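Just below is one structure, and these are the notes that go with it.
In the numbering used here, the protein residues as written are 91 to 364.
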């Protein structure tokens, strides 16, 4: 497992520490990525498949997550109408502080719900939203040309009380865009194509007691169909011709490194994944 840790530092001399360039062919690398399988969350319509190149693969330098409309398809004692994929780095690559950058192209159409996001590695001990969530990019197809960047955490009243803070940015959903998150101990700043779109500061955060962004997180990339948000206006099945694709060019992680500064470090617990 990789644990990439950078303690807080006021400098911003970014040095590449880790990257997934998708410079190979086949399934996503198993020493970086694991899968979710089945019906997972948010009453989404898709069934997530594990290790099926039809739904998740690397080709031509890109990760492709691909969803199909396959009505009334049986699988075991269940059935599904849509197949897709959701991959994550849990137990393989974890991050704490630094800069994460990714170049993405999303599928359009009512019912699509692609995302690149992060969850606290303590999710299976503490649950959601106590573990914290950082949405680097989220998109719902019924609201075209609009991209969302949000953080989620627990509120102060009850462990299950959910606080969601963030915003949206207008950009063409026909184009590739670069999404960046700069993450320090007390601050998270998000960008699209180099333009700052959100800033969260622990010192002005009204729930300082419940700031979970001072611990390791892991990455997730998924293409959902329908669900509580993505499906609010239904799913347009005509967009599947025969599928819709979510593409990721790269994911890069930088540390804020200055050789004259003593108060930062990062630890790699395994070799670089190539």
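Even glycine gets a Cβ: it sits at the ideal position worked out from N, Cα and C.
Here the structure is a predicted model, which is why all the values come from computation and not from measurement.
- Between residue 287 and residue 215 a beta carbon distance of about 32 Å is seen, past the 8 Å cut, so the two are scored as non-contacting.
- Scanning its chain for C-beta atoms nearer than 6 Å, with the 5 sequence neighbours on each side dropped, one finds around residue 327 the residues 159, in chain order.
- Between the alpha carbons of residue 133 and residue 103 lies a gap of roughly 43 Å.
- The beta carbons of residue 209 and residue 307 sit about 6 Å from each other, so the pair counts as a contact at 8 Å.
- Along the region 171-255, the beta strand (DSSP E) occurs as fully enclosed runs of 3 or more residues at 176-178, 183-186, 188-195, 202-210, 223-228 and 236-244, listed in sequence order.
- A straight-line Cα-Cα distance of about 19 Å links residue 301 and residue 309.
- As summarised for the region 322-352, the continuous beta strand (DSSP E) elements at least 3 residues long and confined to that stretch are 333-346, given in chain order.
- Inter-residue distance for residue 108 and residue 226 is about 18 Å (C-alpha atoms, whole angstroms).
- A direct Cα-Cα distance of roughly 31 Å separates residue 167 from residue 219.
- Per DSSP, residue 318 lies in no beta strand (DSSP E) segment; the continuous alpha helix (DSSP H) that holds it begins and ends at 317-320.
- Residue pairing for residue 260: DSSP places it in a beta bridge opposite 236.
- According to DSSP, residue pairing for residue 302 in a beta bridge does not occur.
- For residue 162, the uninterrupted beta strand (DSSP E) run begins and ends at 152-165, by DSSP.
- Looking only at 222, 143 and 173, the smallest Cα-Cα distance to residue 304 is reached by 222.
- Secondary structure remark: continuous beta strand (DSSP E) runs of at least 3 residues inside the region 110-153, in chain order: 136-138 and 146-149.
- Judged by their CB atoms, residue 339 and residue 131 are not nearer to each other than the 8 Å cut-off.
- Around the C-beta of residue 266, fewer than 16 other C-beta atoms lie within 10 Å, and the residue is accordingly described as exposed.
- Setting aside the 5 residues that flank it on each side, residue 321 is surrounded in the same chain by 135 and 201, each with a C-beta closer than 7 Å to its C-beta; the list follows chain order.
- In the same chain as residue 313, and ignoring 5 residues on each side of it, the C-beta atoms closer than 6 Å to its own belong to 155, 157, 174, 204 and 336, in chain order.
- The beta carbon of residue 191 sits closer than 6 Å to the beta carbons of 270 and 342 from its chain, once the five residues preceding and following it are set aside; these are given in chain order.
- If you draw a 10 Å sphere on the C-beta of residue 123, you find 16 or more other C-beta atoms in it, and that means buried.
- Of the candidates 125, 147, 137 and 276, 137 places its Cα closest to the Cα of residue 170.
- With fewer than 16 other CB atoms across the displayed protein chains lying within 10 angstroms of its CB, residue 262 is exposed.
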